[in-house]
Every structure is written in C-alpha cells, then in structure tokens.
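Everything in the sequence shown is counted per the working numbering, starting at 455 for the first residue and increasing by one. Every residue, glycine too, gets a C-beta built ideally from N, C-alpha and C. Read through the structure below, which is laid out as structure tokens, and then see the notes.
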Amino acid sequence: MSNLTLESVPAYERMLPEPLTRLRLAEEFYNELSDSVEVLSDIVEQHGARTLSDLFHLHAAIMSNGFIDAWPDSAVLDVVSLLPSAERWLAYASVYDECGEIKRSIFSKMQAQIPDEQNVESQYLS
C-alpha cells in the first residue's frame with residue numbers, strides 16, 4: 455500500500471492536468487500549430503530548424519506537464535504567440551535573455567497560483 459495522500463503531493467502538482475487532459479491539450483496545440491502554416495517546413499524556412507525542434511519539444515512538454523527553455527536564438531515564442539491559445543502554450547516555457555538570466559518561468563507562474571497555506575489558515579481561524 456502506498457502512503458500517498460493528497461496532502462503529500464505538492465500543491466503545484468495537484469494543479470496539473472490529468473493525463474487525458476494533457477493529451478487533449480497537446481492535440482489542440484498541434485492543431486493550432488498546423489493550422490497556422492501550410493506545411494511545417496514553412497516554419498523551418500522562416501525561422502530555422504531550431505524553432506521547429508523547440509515547437510516539438512513544447513508539444514512534448516504539454517503532454518508531460520514539463521516545460522521548455524526558450525532562448526533568444528529560437529523564434530519559438532514568436533511562432534507560439536500567434537496561435538489562438540498562445541497564453542496557454544507560453545505557460546510551458548521558461549524564458550531566458552541573451553545573458554542566460556531567466557526572465558519568466560513556469561515555476562514562478564505556478565507558485566503565484568498556489569495559495570499561501572499560512573494565510574489561508576489564519577483567515578479561517580480568525
């Protein structure tokens with residue numbers, strides 16, 4: 455028997471979509487991406503092979519609740535920002551600047567959505 459309880463799972467993990475939901479999200483991402491171009495090789499012609507590779511890594515990140523590192527030498531953010539659900543997809547990217555400093559991370563976004571348990575307790579105990 456496993457001792458896994460809801461309390462033992464970190465709060466941010468409890469917020470992640472279930473596997474079937476992740477599969478549907480990945481399918482939606484792929485559909486939006488493929489609808490945005492005539493053929494996927496157009497992305498390579500316009501933005502380079504690195505960008506197409508990063509888009510497939512993003513697709514995998516959506517399926518696995520992971521994230522990609524988005525660096526300035528890839529146009530992955532430019533391509534994704536034109537998709538209908540861009541905000542949803544951009545949540546799966548940690549963005550770095552030219553110096554390697556993180557500008558935005560999926561983890562900071564998730565952390566901001568997790569209620570501070572001490573503040574929640576104090577509100578209900580007051």
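Suppose you measure from the CA of Ser539 to the CA of Ala547; what does that come to, to the nearest Å? Rounded to whole angstroms, Ser539 to Ala547 spans 14 Å at the Cα level.
Cβ of Glu492 within 8 Å of any heavy atom in the ligand COA? Looking for the ligand COA in the displayed structure turns up nothing, as the structure carries no ligands at all.
If you drop the 5 nearest sequence neighbours on each side, which residues of the same chain put their C-beta closer than 7 Å to that of Asn477? A small correction: the amino acid at residue 477 is Leu; Asn does not occupy that position in the sequence shown. Contacts found: Met517.
Just how far apart, CA to CA, sit Ser490 and Tyr484? Between the alpha carbons of Ser490 and Tyr484 lies a gap of roughly 10 Å.
Let me know if Asp508 comes out buried or exposed under the rule of 16 or more other beta-carbons within 10 Å of its beta-carbon. Flag for Asp508 reads buried.
List the residues that DSSP assigns as beta-bridge partners of Ser548. Per DSSP, Asp523.
Buried or exposed: Thr505, going by 16 or more other Cβ atoms within 10 Å of its Cβ? Burial state of Thr505 is buried, judged by a 10 Å Cβ sphere holding 16 or more other Cβ atoms.
Would you say Ile522 and Val533 are within 9 Å of each other, going by their C-beta atoms? Not in contact: Ile522 and Val533 (Cβ atoms no closer than 9 Å).
Within a Cβ cutoff of 6 Å, which residues of the same chain sit near His501, ignoring the five residues on either side of it in sequence? Excluding five sequence positions before and after His501, the CB atoms of its chain that fall closer than 6 Å to its own CB belong to Ala529, given in chain order.
Cα-Cα separation, Leu512 to Ala545: Whole-angstrom Cα-Cα distance: 10 Å.
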